[in-house]
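Everything in the sequence shown is counted per the working numbering, starting at 6 for the first residue and increasing by one. Worksheet: the structure to be examined is printed underneath.
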Amino acid sequence: MTDPAITTAPRARRRPAFHALRVTTVEPLCADAAALTFEIPDRLAGEFTFLPGQCLTLRREIDGRDERRSYSICSPAGTPPRIGVRAVPGGLFSSWLVHGIRPGETLHVMGPTGAFTPDLGDPAHHVLVAAGSGITPMLSIAASVLAADDASRVTLLYGNRRSGSVMFADELADLKDRYPARFHLVHVLSREPREADMLSGRLDTGRLLALIDGLIDARDADHWWLCGPHGMVRDARAALSGLGVPTDRVHQELFHADEEPPAQTTADHDGATDDRPTSEVTVVLDGRATTFPAPRHGTVLDGAQQVRPDLPFACKGGVCGTCRALVTHGQADMRRNYALEPAEVDAGYVLTCQTFPASERLTVDFDS
Numbered sequence: 006m007t008d009p010a011i012t013t014a015p016r017a018r019r020r021p022a023f024h025a026l027r028v029t030t031v032e033p034l035c036a037d038a039a040a041l042t043f044e045i046p047d048r049l050a051g052e053f054t055f056l057p058g059q060c061l062t063l064r065r066e067i068d069g070r071d072e073r074r075s076y077s078i079c080s081p082a083g084t085p086p087r088i089g090v091r092a093v094p095g096g097l098f099s100s101w102l103v104h105g106i107r108p109g110e111t112l113h114v115m116g117p118t119g120a121f122t123p124d125l126g127d128p129a130h131h132v133l134v135a136a137g138s139g140i141t142p143m144l145s146i147a148a149s150v151l152a153a154d155d156a157s158r159v160t161l162l163y164g165n166r167r168s169g170s171v172m173f174a175d176e177l178a179d180l181k182d183r184y185p186a187r188f189h190l191v192h193v194l195s196r197e198p199r200e201a202d203m204l205s206g207r208l209d210t211g212r213l214l215a216l217i218d219g220l221i222d223a224r225d226a227d228h229w230w231l232c233g234p235h236g237m238v239r240d241a242r243a244a245l246s247g248l249g250v251p252t253d254r255v256h257q258e259l260f261h262a263d264e265e266p267p268a269q270t271t272a273d274h275d276g277a278t279d280d281r282p283t284s285e286v287t288v289v290l291d292g293r294a295t296t297f298p299a300p301r302h303g304t305v306l307d308g309a310q311q312v313r314p315d316l317p318f319a320c321k322g323g324v325c326g327t328c329r330a331l332v333t334h335g336q337a338d339m340r341r342n343y344a345l346e347p348a349e350v351d352a353g354y355v356l357t358c359q360t361f362p363a364s365e366r367l368t369v370d371f372d373s
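Encoded structure:
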C-alpha cells in the first residue's frame with residue numbers, strides 16, 4: 006500500500022472520544038442482566054449530555070484486540086448516563102459487564118451517539134414495541150417523554166420469555182404508578198401463560214395486529230418506536246405497513262442482526278486473487294482528509310482503519326450507526342442497514358462498516 010495522502014480541510018465538529026469513566030453503581034436487574042451508572046466529571050458534562058434513546062460505546066482490549074460494544078442508555082434525559090446490559094452466552098463483553106464489573110472501577114466510554122430519539126418539545130402519542138433487552142432505550146424514551154409535558158402519552162408493548170426475565174420491571178411499574186392516565190404498559194410473555202391469550206406468545210405480526218386492534222387507534226399514534234431482535238422489528242414493520250402507518254412515523258433500532266447475513270454481490274466472486282479492483286478512497290474526519298487505495302471487496306471502514314485508526318465504530322454489524330458517514334463523491338454499495346432512516350439514506354449517508362467502494366474514486370465524510 007502506498008503512503009496515504011493527507012490534506013487539511015476546514016475544521017468540523019469533533020466526533021465523541023473515549024474517556025475513562027468511573028462506574029458508580031451496578032444494579033442486578035435479573036439473573037443475566039444489570040444496569041451500570043457512570044460518574045461524569047464536570048469537565049465532561051457537556052460531552053455526555055444525552056438524548057433519550059441514544060447509546061454509549063464501550064471499549065476494552067481483549068488479547069491485544071480493540072473490542073467495542075454499544076449499549077443503550079436507560080436513564081431519562083438530564084440524569085447521569087446509565088446503561089442496561091444483558092449477558093450474551095459466550096459474550097466477551099456483556100458477561101464481563103454483568104458479572105465482573107464492580108462499583109469504583111473505570112471503563113473507557115465514548116460520548117453518546119444515535120438518532121433513535123424523540124422530539125421532547127412536541128407533545129405526542131408514542132407507541133413503543135420492545136422485546137428483551139430492547140427495553141433499554143425505551144425506558145429512557147418513556148420516562149423522558151412523560152416528564153417533558155402533561156400532554157404526551159406512551160403505550161409500551163413489551164415482550165419477554167418469562168416474568169423472571171423482564172428487565173426494569175420495578176421501574177416500569179413505578180412509571181405506571183406515576184403516570185397512570187398517560188402510560189399504558191402491556192407485558193407479553195412467550196413461555197409463561199397469561200390470563201389473556203393475546204398476552205401469551207411472541208410479538209409476531211399476528212399478535213401485534215391483535216394488540217393494536219384491541220388497545221390502540223393506529224391513526225392516533227404519532228410515532229412508533231421498535232427495538233428488539235431482527236425478526237420482531239421486521240414483523241412489527243410489516244404489521245404497521247399493513248395498517249397504513251406512514252414510514253416516517255416508524256423508527257427502529259436493533260440490538261443485534263445475526264439472523265440475516267449481509268447481502269453479497271457478484272463482485273465478491275469475480276476473481277479470488279489479489280488483483281481484484283481497488284478504489285481511491287478519501288475519508289474526512291475531524292476536518293482532516295486522508296486518501297488511500299482500498300480493495301473493493303472490503304468495507305470502507307476496514308480499509309480506512311489501516312490509515313485512520315481514530316475512525317468511530319462499535320458493532321460493525323450495521324446496527325448501532327456509530328460509523329455513519331456521508332458519501333460526497335463517487336458511488337458506494339451499502340449492503341446492510343439497520344440504523345439509518347430512509348431520509349438519511351436518500352441524502353447519501355451510509356454505514357461504512359457495511360459499505361463497499363463501487364467507483365474509481367470515493368469520498369466519505371464522517372463530519373457531515
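Where is the CB? At the ideal position from N, CA and C, for every residue including glycine. Keep in mind the model is a prediction, meaning the values are calculated, not measured.
Length of the line joining the Cα atoms of residue i and residue j
i	j	result
N165	L194	5 Å
V31	R366	48 Å
S145	L245	23 Å
P128	L162	20 Å
A38	F297	43 Å
P81	H192	21 Å
H104	A25	20 Å
T283	P300	4 Å
I67	A136	30 Å
A241	Y343	14 Å
A36	I106	15 Å
Distance CB(residue i)-CB(residue j) smaller than 8 Å
i	j	result
P123	H131	yes
H228	L259	no
I78	L61	yes
L306	G326	no
V28	G139	no
R91	M172	yes
T360	T287	no
Bounding residues of the alpha helix (DSSP H) (the contiguous stretch that carries residue i)
i	result
T141	I140 to A153
V103	S99 to H104
V332	Careful: V332 lies outside any alpha helix (DSSP H), inside the beta strand (DSSP E) at R329 to H334.
D175	A174 to R183
E349	P347 to D351
Residues bridged to residue i (per DSSP)
i	result
A136	G164
S205	L194
C232	A135 and E258
R48	Per DSSP, none; premise fails for R48.
H130	R158
H24	V114
R199	None, per the DSSP bridge assignment.
Y354	L331
Residue range of the unbroken beta strand (DSSP E) whose run includes residue i
i	result
P117	T111 to T118
I221	I221 -> no beta strand (DSSP E), and no H or E assigned at all.
L316	L316 -> no beta strand (DSSP E), and no H or E assigned at all.
A337	A337 to M339
P57	Premise fails: P57 is in no beta strand (DSSP E) and is neither H nor E.
L367	R366 to D370
Cβ separation of residue i and residue j, assumed to be a contact under 8 Å, to the nearest whole Å
i	j	result
S170	C320	Incorrect: roughly 23 Å between the Cβ atoms, too far for contact.
W230	H189	Not quite, the Cβ-Cβ distance comes to about 14 Å (not below 8 Å), so this is no contact.
R313	L290	6 Å
8 Å Cβ cutoff, residue i in contact with chain D
i	result
S364	Among the chains of the structure shown, chain D does not appear; only one protein chain is present.
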